Amino acid sequence: MKSALFCLSVFVYVIATVNGENPYRFFDWKVTYGDIYPLGVKQQGILINGQFPGPEIYSVTNDNIIINVHNHLSDPFLISWNGVQQRRNSYQDGVYGTTCPIPPGKNFTYTLQMKDQIGSFYYFPSLAFHKAAGGFGAIKILSRPLIPVPFPQPAGDFTVLIGDWYKINHHKLKAILDNGHRLPFPDGILINGRGSGASFTVDQGKTYRFRISNVGLQNSLNFRIQGHKLKLVEVEGTHTVQTTYSSLDVHVGQSYSVLVTMDQPARDFYFAVSTRFSSKLLTSTATLHYRNSAGKLSGPIPGGPTTIDWSLNQARSIRTNLTASGPRPNPQGSYHYGMINISRTIRLASSHGQVEGKQRYAVNSVSFKPADTPLKLADYFKIGGVFRVGSIPDSPTGRKMYLDTSVMGADFRAFIEIVFENRENIVQSWHLDGYNFWVVGMDGGSWKPASRNQYNLRDAVSRSTTQVYPKSWTAIYIALDNVGMWNVRTEYWARQYLGQQFYLRVYSPVESTRDEYPIPKNALLCGRARGRTTRP
């Protein structure tokens, strides 16, 4: 297998050199189970090349990323790339609606391109509740050398992966859900895979970049550093207006970059991460260590905010830096989104209850039921009976919840509005694969057409994951410029597993390689697609 990978590497390198393509970066990952001790007790974790969290993907705008993933687990495995837009290439998305799982003992080579992107993202396992066992890691996409960045080069660039965690084995967590029950409250918060003991060493007087991603299963988290301010500079690939905060709410699935200047006396300070909007408060700490530290950690652990209004006001203050250069999520920068007519409004509301005697979750009354064949493959091979476009309505219907393989059709190059309506007492978090969208508005109460009067139509932040506050709504605008089958899901992972997701089929009747790449020659074929052949 290694020799095959070497030959592939040489072949791709030669082609890239001859054609003057963007650089290629190669990764060879071995996915295994192994012992981990994140909360002080031994657990079975998912390791990548023996690491928990997994290795970091470091790249530059437009780089081609080749990742050969060897599955040494006892069950099928997939990796998805949270926030990394696979332009014209949903076959590489790494969720079951688009990609066949990697069987035990087999491998699959992902071919990704960081097309027109910069910023902070992460990857994670998308099947079988594997996310509760690890298998996640950071993705950093830097600007190309000649593209100016709207802040001085920091002295260092740290990854901070935060998330709630269970001591319970992920197989048992999955069984709890499969038996129709809800998960218990998490046991702790991890910072870079540790419940305590993580440390970041810095030099006094210098400024550092911290890339923070909430890779957890359900809880919104607040991040803060004792005695230091956080200057926000980037959100999921968008340079932001550089606003300074004392702490930052990071909802599940979201990523942020902040600059922190080491302007305090040389000693050790607390990193603190705690749950928000939860029935119990969980807090985890790490250490910010000044290299010439004269004192150990002291004083109380800094407390976080306590109100929803604080979080809502912070969210509304996060805006796009319109003067920043460099690649931004397409089509931002090519036109002003606030001057385009909306061709369609989609309203999405979640619900939950019993279906066939088991707890399920739904979008517009439809609880997603996985098909026997990935939807993208069924679409490509024109296999009937796998899914039906239009199997989920554009608006809440009030119908009793039911199961279906929900796929919503959408036209290539349409410009649409989606309103997430939260009728619950929890914070929701929603993600769309393959796209960034503009978060144009959020407020309490029910959304009405008149709510558009308060939209930000000038410099709303562009991102791929947004929160919806309790008894509130959030509105987004999307330019549908990326053909494919794209997952729309809650980032509350137990709910996603139990049906709170669907697929948005962005379709072009032309079926041109200009609009969408052909199916990869190495595509795994399963279900009713097994035995078929890809294009020559």
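Letter by letter, the sequence shown follows residues -20 to -1, 1 to 516 of mature numbering (1 follows the signal peptide of the UniProt record, and there is no 0).
Note that CB positions come from ideal geometry on N, CA and C, so glycine has one too.
Bear in mind the structure is a predicted one, so any value in this text is a computation, not a measurement.
For residue i, the nearest candidate out of the options (CA to CA)
i           : options                   : result
V40         : M388, L153 and I121       : I121
M242        : S254, V230 and F190       : F190
H316        : T300, P105, G479 and S371 : T300
S291        : S227, V49 and L504        : S227
Y61         : S100, G424 and F203       : Sequence check: residue 61 is Trp here, not Tyr. For W61, the nearest C-alpha among the options comes from S100.
G175        : G364, V253, P498 and R485 : V253
S273        : D248, N462 and D289       : D248
Q408        : P3, H231 and F131         : H231
I16         : T377, A304 and Y146       : Y146
G284        : G318, F203 and L355       : F203
G185        : I171, N199, E214 and G136 : G136
A118        : Y477, R67 and I37         : I37
residue 520 : G34, R340 and P164        : Because the chain spans -20 through 516 in this model, residue 520 falls outside it and cannot be assessed.
R475        : L19, L357, W410 and L302  : W410
T446        : I456, D439, R438 and L437 : I456
D423        : L437, S444 and E401       : E401
P498        : A509, R510, R485 and T514 : T514
V213        : I298, T255 and I156       : I298
R340        : Y477, G275, G425 and G217 : Y477
K349        : I169, D43, G77 and Y71    : G77
I320        : R494, A394, S264 and T255 : A394
As assigned by DSSP and simplified to three states, the class of residue i
i    : result
I127 : coil
H110 : helix
G318 : helix
N433 : helix
H208 : coil
W9   : strand
N344 : coil
K338 : strand
K451 : coil
Q294 : helix
Q72  : helix
D352 : coil
N34  : It is Gly, not Asn, that sits at residue 34 in the sequence shown. Here G34 sits in coil by DSSP.
G507 : helix
W427 : coil
I59  : strand
N502 : coil
H150 : helix
F121 : It is worth fixing the name first, because residue 121 is Ile in this sequence and not Phe. DSSP places I121 in strand when its eight states are reduced to three.
R512 : coil
D137 : strand
I281 : coil
L239 : strand
Alpha-carbon spacing of residue i relative to residue j, whole angstroms
i    : j    : result
F482 : S386 : 5 Å
I28  : S323 : 44 Å
I205 : E471 : 26 Å
I406 : A329 : 13 Å
P56  : F88  : 12 Å
F180 : F138 : 8 Å
G389 : V75  : 18 Å
P500 : W427 : 42 Å
K211 : Q434 : 26 Å
A108 : T91  : 23 Å
F6   : I46  : 5 Å
V49  : K86  : 9 Å
D374 : D391 : 14 Å
S106 : P245 : 44 Å
G313 : V182 : Unreliable placement is indicated for G313, whose pLDDT of 46 sits below 50; no coordinate value is reported for it.
R443 : I59  : 20 Å
G173 : C506 : 34 Å
T224 : N293 : 13 Å
Environment of residue i [buried if 16+ CB atoms lie within 10 Å]
i      : result
R379   : exposed
P125   : exposed
V490   : exposed
L412   : buried
T220   : buried
L504   : buried
I82    : buried
S(-18) : For S(-18), the pLDDT reaches just 36, beneath the cut-off of 50, and the residue's location in the model is therefore unreliable, although a value from the coordinates is still provided. Exposed, since its Cβ has fewer than 16 Cβ neighbours within 10 Å.
R308   : Summary for R308: the model assigns pLDDT 48, below 50, so the residue's position carries little reliability, and this model does not support an answer.
K356   : buried
G275   : exposed
heavy atom of the ligand ZN below 7 Å from residue i C-beta
i   : result
N44 : For the ligand ZN, the structure offers nothing, since it holds no ligand at all.
Tell me, please, whether the region 235 to 251 touches the region 261 to 276 by the rule of three or more beta-carbon pairs shorter than 8 Å.
-> Segments in contact, yes.
Are at least three pairs of beta-carbons, each pair with one atom in the region 105 to 118 and one in the region 8 to 27, less than 8 Å apart?
-> Because the criterion of three Cβ pairs below 8 Å is met, the region 105 to 118 and the region 8 to 27 touch.
Should the region 183 to 198 be regarded as contacting the region 278 to 289, the criterion being three or more beta carbon pairs within less than 8 Å?
-> By the C-beta criterion, the region 183 to 198 is judged not to be in contact with the region 278 to 289, since fewer than 3 inter-stretch pairs fall below 8 Å.
Mind the definition here: the region 461 to 471 touches the region 416 to 425 only if three or more C-beta pairs lie below 8 Å; say whether that holds.
-> As far as the Cβ criterion goes, the region 461 to 471 does not touch the region 416 to 425, which means the pair count is below three.
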